[in-house]
Every structure is written in C-alpha cells, then in structure tokens.
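Written out below as structure tokens is the structure these notes cover.
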Amino acid sequence: MSDAAQPTVAEVRAAAEAVKAAIDRHLAAIENRTGDDDPAVFAAFDDLATAAEAYDELLYDTYDEVTPFEIPTDTLPAYSGPREPNAISLLIRRDYAVTDPQRLLAQAERVSGPAGAGGGGVGAGIGVLFGEYEPDEIAARHKEFGLEEGDSTLWVSAVEPAEPGEWLSAPFDQADPAMVICRFDVSAVFDDEGEEDYAADGATGAGSGGGTAGATTDG
C-alpha cells in the first residue's frame, strides 16, 4: 500500500468508535430480544462483525497491529436461489464420539432386549437407538446414550417441491451450496473466543453441550 493510500489516524479512530457503537447496539438488541428468532439480534451481530473487521484492517494498515477478535467468515458461495422459495430442504450433520460403549449397549438393550441390540455390538446398538429416538432427542440426551457431541451443521436450502420418494435413493447428491438460505454451525472451536451463541444476516444458531453456534445466511 502506498503512503497516499494509508488510512488516516482519524479514520482509525472513527472505525474504533463504530465498533463501540455496534457493541452497544448488539447488547441492546440482546437485552430487548423478542425471542430466539429476533431479527434485530441477527442484524446487530452482523453489524458488529462488519465494524470489527473494518477496524481490524485499518488498525493493521496504519499501525501494523491487530485486534484479538476473530470474525467468523462465510464458507458458502453467494446465494443464487429464489427470493421466495416454494420449498426448503434441511441438510443436517451431527458428529458424535462413542465414549461409553457399555452405556450405549445398555440403553439399546432397554429398547429391544439383548438379542436385538447387545448381541450385535455397538453398531447394532447405534442402529437401535437412532431407530427408536428422534435425532433431536439423542442430541439433547447424548450423554445418557454414551455419546459425546462433536461438530454439527444444519443447512437450510431452497429446493423445488419434490414428489414422495423422489430423492430417497440419493438424498444428498443434489446439495447445492449456492441454494443455501442460511446455515447453523455448532463447534467447540467457538468456545476459544468465549463468545455466546452468534448469528448473522437473519439466521440464528443455538449451541448445545460443548459448543457455540454460528449462523450465516445468504439471500
């Protein structure tokens, strides 16, 4: 960067003031939230992230210094779907570690008996549990089933309405990142910053267990 293009001290100071104002707006939005899906909180988070990133860049360009803030960045391409989709699809991945196989087998045996679960090992026990309980219930009770949560993500994608059974033979082959309206991530890596659940651009995320949720949206 040439000397002529260097930010001025006043520009850096203005960016710092913008961050302070964005923090105040973010906190006010949280204090006055109307529910988990309050768009004011989402907008305030996005404004804060934008202001912090701008300040960090100006600070580095002017003083060769950085802030301790790490702003999560979108990993999806720009949304190219319809503004008013007629149908949506949820693409969900949740990772678990099997930390207590005996507990898992015991829970499976309560459902189907030793012959149907424990006799087939951990793999059969997992099949029994996920066949008996909804994924959301397992996520809420994972420790009871001898599991430990890992990362998880949920993508809400715009799709064309499908006929019954149309895509069941290959349910994930048509996942198009450019059609994702919003996404919700939960990971322990966000705990390193000590942040609460965060959201951006009209989406929300809710952490459970060992992580904090991040949400991004396009469109």
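Numbering of the sequence shown is given in numbering that gives the first Met the number 0, commencing with residue 0 and proceeding in unit increments. Note that CB positions come from ideal geometry on N, CA and C, so glycine has one too. Bear in mind that the values here come from a model prediction, so they are computed numbers and not experimental data.
(message) One question on the structure: do Y95 and G130 come within less than 8 Å of each other, judged by their Cβ atoms?
(response) In this structure, G130 does not lie closer than 8 Å to Y95 by Cβ.
(request) With R24 as the anchor, note down where its alpha helix (DSSP H) starts and where it stops. (result) Boundaries of the alpha helix (DSSP H) harbouring R24: 8–30, taken from the DSSP string.
(request) Return helix, strand or coil for L47, following the three-state DSSP convention. (result) L47: helix per DSSP, three-state reduction.
(request) Note down, in chain order, each residue of its chain lying with its Cβ closer than 7 Å to the Cβ of E10, except the 5 sequence neighbours on either side. (result) Excluding sequence neighbours, E10 sits near L57.
(message) Could you give the first and the last residue of the continuous beta strand (DSSP E) run that contains D150?
(response) D150 -> beta strand (DSSP E) spans 146–158.
(message) Taking the straight line between their C-alpha atoms, what separation do you get for F144 and T152?
(response) Each residue's Cα considered, the two are about 21 Å apart.
(request) Return the chain-ordered list of same chain residues with a C-beta closer than 8 Å to the C-beta of Q101, the five sequence neighbours on each side being excluded. (result) For Q101, where only same-chain residues beyond five positions count, the Cβ hits under 8 Å are G145.
(request) Give the DSSP-derived three-state secondary structure of S111 in the structure shown. (result) It is helical.
(message) Check for me: the alpha helix (DSSP H) holding L128 runs from which residue to which?
(response) Where L128 is concerned, the enclosing alpha helix (DSSP H) stretches over 120–131.
(message) For I29, which residues in the same chain have their Cβ closer than 7 Å to its Cβ, ignoring the five residues on either side in sequence?
(response) V40, listed in sequence order.
(request) Please determine, among R109, L103, E136, Y59, the residue with the shortest C-alpha to C-alpha distance to G120. (result) Taking each of R109, L103, E136, Y59 in turn and checking the Cα distance to G120, the smallest one comes out for L103.
(request) Leaving out five residues on either side along the sequence, give the residues of the same chain with a beta carbon under 8 Å from the beta carbon of T98. (result) Listed in chain order, the non-local C-beta contacts of T98 below 8 Å within the same chain comprise G145, L146, E147, local neighbours out to five positions each way being set aside.
(request) Please list, in chain order, all residues of the same chain as D55 whose beta carbon is under 7 Å from its beta carbon, the five residues on each side excluded. (result) Contacts found: V65, T66, F68.
(message) For D94, report the span of its beta strand (DSSP E) as first-last.
(response) Counting along the chain, the beta strand (DSSP E) containing D94 begins and ends at 86–97.
(request) Helix, strand or coil for V188, going by three-state DSSP, please let me know. (result) Correct three-state label for V188: helix.
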